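Participant:
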Amino acid sequence: MRNFMLVRALSLLAVMSLLLFSCQSDQDVINESLAQPQSELVSRLQETFDHEVDLPSEGLESRTHTTVLDFLLADPDYSILVAAASRVRGLPEILDNPRLSVTLFAPTNAAFVQFLADNGLSSLDDVPTDLLSAVLGNHLLFFPKTAANLRSYENTLTFVSFNHNTFNQLSLYVDKSNGVKLNGNVNVVDADNIVTRSMVHQVNRVIALPNLVTFATSNPNFSSLVAALTRPDLSVDFVSVLNSNGPFTVLAPTNTAFDNLLDALGLDNINQIPVEVLEKVLLYHVANGNTRSNVLARGRRVSTLATPNTYFTQLINHQLFVLANQNQAKVIVKDVQGINGVIHAIDTVILP
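For my numbering, count along the sequence shown from 1 and bump the result up by 3.
(1) Just the C-alpha distance for residue 200 and residue 152, rounded to the nearest angstrom, thanks.
(2) With DSSP collapsed to three states, give me the class of residue 329.
(3) Here's the rule I'm using: 16 or more other beta-carbon atoms within 10 Å means buried, otherwise exposed. How should residue 132 be labelled?
(4) Starting from the C-beta of residue 83, find all residues in its chain whose C-beta is less than 7 Å away, skip the five residues before and the five after it, and write them out in chain order.
(5) Can you tell me whether residue 136 is helix, strand or coil according to DSSP?
(6) How long is the line joining the alpha carbons of residue 271 and residue 177, rounded to whole angstroms?
(7) To the nearest angstrom, report how far apart residue 30 and residue 216 are at their CA atoms.
(8) Relative to the C-alpha of residue 202, which candidate in 162, 191, 338, 339 has its C-alpha closest?
(9) Answer with buried or exposed for residue 259, where buried requires no fewer than 16 other C-beta atoms within 10 angstroms of its C-beta.
(10) Quick one: any contact between the stretch 178 to 186 and the stretch 330 to 348, if contact means 3 or more CB pairs under 8 Å?
(11) Can you tell me whether residue 148 is helix, strand or coil according to DSSP?
(12) Compute the distance between the beta-carbons of residue 237 and residue 289, then report whether it is under 8 Å.
(13) Taking all protein chains shown into account, do 16 or more other C-beta atoms lie within 10 angstroms of the C-beta of residue 142, making it buried, or fewer, making it exposed?
(14) Does residue 231 pass the burial test, meaning 16 or more other C-beta atoms within 10 Å, or should it be called exposed?
(15) Are there 16 or more other CB atoms within 10 angstroms of the CB of residue 124, so buried, or fewer, so exposed?
(16) Please return the same chain residues whose Cβ sits closer than 7 Å to the Cβ of residue 224, not counting the five positions on each side in sequence.
(17) Mind listing, in chain order, the continuous alpha helix (DSSP H) runs of no fewer than 4 residues lying wholly within the stretch 165 to 223?
(18) Output yes or no for whether 8 Å exceeds the beta carbon distance between residue 338 and residue 301.
(19) If we ignore side chains and look at the alpha-carbon of each, how far apart do residue 336 and residue 321 end up?
(20) What is the DSSP secondary structure of residue 290, counted as helix, strand or coil?
(21) How big is the Cα-Cα spacing for residue 264 and residue 351?
(22) CB-CB under 6 Å to residue 194, same chain, minus the five flanking residues each way: which ones, in chain order?
(23) Just tell me which of 106, 316, 274, 75 has its CA closest to the CA of residue 297.
(24) Give me the Cα-Cα distance between residue 104 and residue 170, rounded to the nearest whole angstrom.
(25) DSSP three-state call for residue 313: helix, strand or coil?
(26) Is the Cβ-Cβ distance between residue 189 and residue 206 less than 8 Å?
(27) Here's the rule: buried if 16 or more other CB atoms are within 10 angstroms of the residue's CB, otherwise exposed. What is residue 343?
(28) Who are the Cβ neighbours of residue 233 in its own chain at under 8 Å, not counting the five residues just before and after it?
(29) May I ask you to report which of helix, strand or coil DSSP gives residue 284?
(30) In terms of alpha-carbon separation, which member of 212, 325, 328 lies closest to residue 135?
(31) Could you compute how far the alpha carbon of residue 329 sits from the alpha carbon of residue 312?
(32) Over the uninterrupted beta strand (DSSP E) stretch that includes residue 95, give me the two end residues.
(33) Would you tell me roughly how many angstroms separate the C-alpha atoms of residue 267 and residue 318, rounded to the nearest one?
(34) Figure out for me which residue from 310, 299, 99, 73 has the closest Cα to the Cα of residue 333.
(35) Take residue 71 as the anchor and find which of 282, 100, 87 has the nearest alpha-carbon.
(36) Do you know how far the Cα of residue 109 is from the Cα of residue 254?
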């Protein structure tokens with residue numbers, strides 16, 4: 004069972020921000036208000052007060068908004084976003100703190116109207132508070148980032164947990180090949196609005212909470228994997244599996260990894276791989292549980308859905324490797340976190 008951690012964390016952040024603003028030296032008071040797992044989120048946010056912000060200097064003289072909330076209130080096209088934020092305990096205080104450094108992807112009113120329609124809801128009041136909190140947290144990043152400085156994968160302020168002990172930040176995929184696109188279907192339409200120490204990017208859709216399918220389909224480097232997973236003659240409906248609650252840990256071979264496999268087999272495309280072979284190989288790349296790279300780095304034997312086949316993980320010279328029965332792969336992107344599991348990109352298709 005997964006749980007999202009944002010409401011309580013944001014309330015603690017609000018307390019912390021007020022304490023830092025009024026009595027920043029009283030660290031003991033701040034520490035007493037913290038509890039795991041929120042302490043990691045709070046400590047990260049606390050860094051933003053002391054973080055040296057490097058923002059473009061152009062247009063500084065024309066900036067009239069001192070907080071992100073001021074910026075949103077000044078534009079009627081953000082009225083639904085402001086109303087949504089007001090329902091999340093602690094979030095208005097965060098957005099109204101001029102000393103805070105965050106990046107906000109700000110959906111317009113039209114984006115929220117579409118979000119409600121897509122989910123069969125008639126008004127913002129119909130959105131459960133916990134869901135609204137998680138969704139809004141998915142629009143926030145630590146520290147201000149211009150569009151040009153966004154990485155391929157960012158971590159948002161929404162945390163997900165499957166065991167009540169470990170909380171991990173949801174990932175956000177950023178594609179800058181043609182403008183800026185988030186998680187495959189959200190466009191940044193007005194970038195780099197600087198608000199004191201923070202950054203606001205207007206987006207044309209509400210960023211839905213991402214799952215494993217979201218990240219597989221949004222990254223063009225996984226198009227061969229998607230083609231393999233959706234081959235119509237497979238007996239396993241991998242899309243349904245990876246859309247389910249999970250959690251799952253997926254080793255995702257890149258397009259180059261599949262190209263190398265086809266070359267080694269002397270085949271032209273994925274459809275030429277015998278279906279029973281492809282199915283077993285794909286199952287070998289999926290395991291139950293949400294296993295992050297810090298756990299894999301300790302050396303683990305991982306049981307896969309291709310029972311009884313397993314693989315091993317090992318850290319070699321600070322690089323994480325997957326040791327399969329017949330070959331090995333290097334983990335080249337780690338900890339892409341969704342609401343139903345985690346993806347690690349690998350440079351080789353592993354064979355059971």
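Glycine included, every Cβ here is placed at the ideal spot set by N, Cα and C.
Remember, it's a predicted structure, so these values are computed and weren't measured experimentally.
Facilitator: In brief:
(1) 15 Å
(2) coil
(3) exposed
(4) 112, 115, 127
(5) helix
(6) 31 Å
(7) Legend: pLDDT at residue 30 = 29, less than 50; position of this residue unreliable, no value from coordinates given.
(8) 191
(9) exposed
(10) no
(11) coil
(12) no
(13) buried
(14) buried
(15) exposed
(16) 257, 258
(17) 215 to 221
(18) no
(19) 14 Å
(20) strand
(21) 8 Å
(22) 150, 204
(23) 316
(24) 22 Å
(25) strand
(26) yes
(27) buried
(28) 241, 242
(29) helix
(30) 212
(31) 11 Å
(32) Where residue 95 is concerned, there is no enclosing beta strand (DSSP E), although the alpha helix (DSSP H) it sits in stretches over 94 to 98.
(33) 26 Å
(34) 299
(35) 100
(36) 32 Å
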